[in-house]
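The block underneath contains the structure these notes are about, expressed in structure tokens.
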Amino acid sequence: MRKSSSMYLNVRMPQKPDRPHVEGEQNEGEESYSICEDSTYDPSTKVQGLLNSVKSLKHRAHTVFCQLSILKKRGDNYEWRESGRWVKYEETVEEGGKRWSKPHVASLSMHYILELRRHLADGVFLRDVECYSVSQVIDKFLDEWVDQDLLDPMLRMHVRTLALKPHRHRHERGRPEDKRKGVTHSASDTVPHSSSVSLEVHGETLKSVNSAISLSSDFGSEQSLESMDSSDLAMKKQLNERFLRKIPKGSETANIMVGELEDLKSVLCGFMRLNDARELGEISEVPLPTRFILYLLGPTGSGVQLREMGRCISTMIVDEIFREVAYKCRDLDDLIAGVDEFVAQVTVLPPGEWDPKIRIEPPNKVPPQEIRKVESTAVLMEKTHGTDGGDEGGHDDPNLELSIRPFTGLIQDIKRKLPWFPSDFKDALHIQCLPATLFIFLALLTNNVTFGALLGTGTGSYMPLNILGSTGPMLVLEKIIYDMCK
């Protein structure tokens, strides 16, 4: 028997099956990065629209002094120790915390910028918050972290205790008064708004209970500490007045706090913009009001990563454009767009051709950043005239249109220039224009005086053609022409 054969067309063959996955996992990942996955998303356009639309005086950007503090262990206790500061460029504590480095351009890692973006997108964002002390700030963050299941409620008090540890600044270390008295005190525990006090006298430690109590009770507990008198407070502020003079007037502060906590399993991130800038005790090394606060708390072993992310956000905040975004952002998407716009403007150096330990000196002149605030000409033309129409729309200048009325163009030109007609004479009488006019007059007069006599002698005192002034080559030419004609 003949064996029959068959042929099949357009048959889909089975492919490799998908890996099993829990429903909803992919959607969560897509939500975290939904901003980037949108094909129409342009961070520059979003930032430009934000800066050009928010015009309220309340959100007007100020110069920002940024301070980076790291949670360090000191003996059996912890403290927030100042690690870096930014006015325009980065300064870091070096040589065992004895002195500040020279201001230099911050060199950032692209990896940590993207990690910072991820933690900001997944963390807590609070804007226009009314807080009057550091304890109120950390309580706001703790409430949000617990509500969003980012923090175990059992760890709330532990995180709060460490977050309210005293702050120590570089200019407070190694003072002769401390060595003679044997006293070690920090800045944040000596003011009415602080909620954590730690004082060591000859090895004895006095601690006040961390609690969100009223301002009056905080002030009373502070008065009970006899060692912290008004002379010590005045001495602290006097020590850093030299650096305060380097900060522009009207500046506000951004405090960045990063630290490792043993019991944490993941990174906690919280960004807060206060409704009104106010001094939160001596959390900063200079007595300036605080506007922005960011906490980056992570598990043990993440100290280097947290510090680098803290350097990234500190450098961003002193950037001219991102600073305005931070002041004017209406939601988390606006803040993330500011990060994306910053990333779009950075320059990446290859690792094999440059040493990150080399500090880049600040340039003498930097290009203006106004172009980052203004939409491109192509975008403006597209919004104004649309994408259709081509070149068939005629002339853009209405004065060049055909008209049957005589002297229409002249009349329109006079109407256009008439408002500036008086200013032309006022500008001519300006103090800068008068010396220029006198200089041009003398420059022409001296040439005529110098070569005029020689020209008169060479041409028999005839009247030569002088348009601008007499020159040596013109004298030779006139003499040759005169001799030929003679």
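Take any residue in the sequence shown, note its place counting from 1, add 525, and you have its number in the working numbering.
Just so it is clear, CB atoms sit at the ideal spot from N, CA and C, and this is done for glycine as well.
Note that this is a predicted model, so its numbers are computed, not measured.
Residues in its own chain within less than 6 Å of residue i by CB, not counting five upstream and five downstream?
i       : result
Glu-669 : Val-649
Val-864 : Arg-642
Glu-702 : Bear in mind that the predicted position of Glu-702 carries a pLDDT of just 42, short of 50, making it too unreliable to give a figure here.
Arg-897 : Ile-846
Write down the C-beta distance between residue i and residue j rounded to the nearest angstrom, noting that I regard them as a contact closer than 8 Å.
i        : j       : result
Trp-1016 : Val-618 : Summary: the structure shown does not reach residue 1016, with the chain confined to residues 526 through 1011, and so no result is reported for it.
Leu-667  : Leu-676 : 7 Å
His-644  : Val-792 : 6 Å
His-692  : Glu-807 : 7 Å
Gly-983  : Lys-951 : Gly-983 to Lys-951, Cβ: 45 Å. No contact.
Met-797  : Lys-665 : 7 Å
Ala-862  : Lys-571 : 4 Å
Val-654  : Asn-800 : 6 Å
Leu-593  : Lys-853 : About 23 Å separates the two Cβ atoms, so there is no contact after all.
Glu-607  : Arg-695 : 5 Å
Leu-831  : Leu-821 : 5 Å
Met-782  : Trp-945 : With 8 Å as the limit, Met-782 and Trp-945 do not qualify as a contact, their Cβ atoms being about 56 Å apart.
My output table needs one value for residue i: the three-state DSSP class, helix, strand or coil.
i        : result
Asp-567  : coil
Trp-670  : helix
Gly-795  : strand
Thr-996  : coil
Leu-639  : helix
Tyr-1007 : helix
Leu-819  : strand
Glu-810  : coil
Val-899  : coil
Arg-685  : helix
Ala-978  : helix
Glu-926  : coil
Arg-700  : With a pLDDT of only 45 at Arg-700, under 50, the local geometry of the prediction cannot be trusted, and the value read off the model is given with reservation. Coil at Arg-700, not helix or strand.
Leu-805  : coil
Leu-1002 : helix
Ala-737  : For Ala-737, the predicted structure reports a pLDDT of 37, less than 50, and the residue's modelled location is therefore unreliable. A value from the coordinates is still provided. Here Ala-737 sits in coil by DSSP.
Trp-945  : helix
Gly-609  : strand
Tyr-657  : coil
Cys-958  : helix
Gly-784  : strand
Phe-590  : strand
Glu-604  : strand
Asn-889  : coil
Ala-631  : coil
His-1012 : The structure shown does not extend to residue 1012, since the chain is modelled only from 526 through 1011, so no value can be given for it.
Ordered along the chain, which non-local residues of its own chain (more than five positions away) have a Cβ less than 7 Å from that of residue i?
i       : result
Asp-788 : Leu-680 and His-683
Val-630 : Tyr-614, Ile-885 and Pro-887
Ala-869 : Pro-568 and Ser-569
Glu-833 : Ser-634 and Tyr-637
Glu-616 : Gly-609, Arg-610, Trp-625, Ser-626 and Pro-628
Leu-980 : Pro-989, Ser-995, Leu-1000 and Glu-1003
Phe-847 : Met-841, Gly-863 and Phe-867
Pro-678 : Val-671
Phe-966 : none
Leu-769 : Val-811
Taking its Cβ as the centre, do 16 or more other Cβ atoms sit within 10 Å of residue i, making it buried, or is it exposed?
i        : result
Thr-815  : buried
Arg-836  : buried
Ile-838  : buried
Ser-711  : The predicted model places Ser-711 with a pLDDT of 40, which falls under 50 and marks its position as unreliable; any figure quoted below should be read in that light. Ser-711 should be labelled buried.
Gln-573  : buried
Lys-774  : exposed
Cys-1010 : exposed
Ala-759  : Because the pLDDT at Ala-759 is just 45, under 50, the model does not fix this residue reliably, and the point stays unresolved.
Asp-938  : exposed
Lys-790  : exposed
Phe-817  : buried
Glu-766  : exposed
Asn-780  : buried
Cys-958  : exposed
Leu-970  : exposed
Asp-1008 : exposed
Ala-978  : exposed
Leu-1012 : It is not possible to answer for residue 1012, since the shown part of the chain is limited to 526 through 1011.
Val-662  : buried
By Cβ distance below 8 Å, which residues in the same chain neighbour residue i in space, the five residues on each side in sequence not counted?
i       : result
Val-871 : Leu-633, Met-635 and Ile-638
Ile-772 : Thr-588, Phe-590, Val-612, Val-811 and Leu-813
Leu-651 : Lys-665, Phe-666, Glu-669, Gly-795, Phe-796, Met-797 and Arg-798
Ser-827 : Glu-785 and Val-792
Glu-895 : none
Leu-860 : Leu-645, Phe-650, Phe-796, Val-850, Ala-851 and Cys-854
Leu-857 : Leu-645, Ala-646 and Phe-650
Gly-915 : With a pLDDT of 46 at Gly-915, under the threshold of 50, the modelled position of this residue cannot be trusted, and the question is left open.
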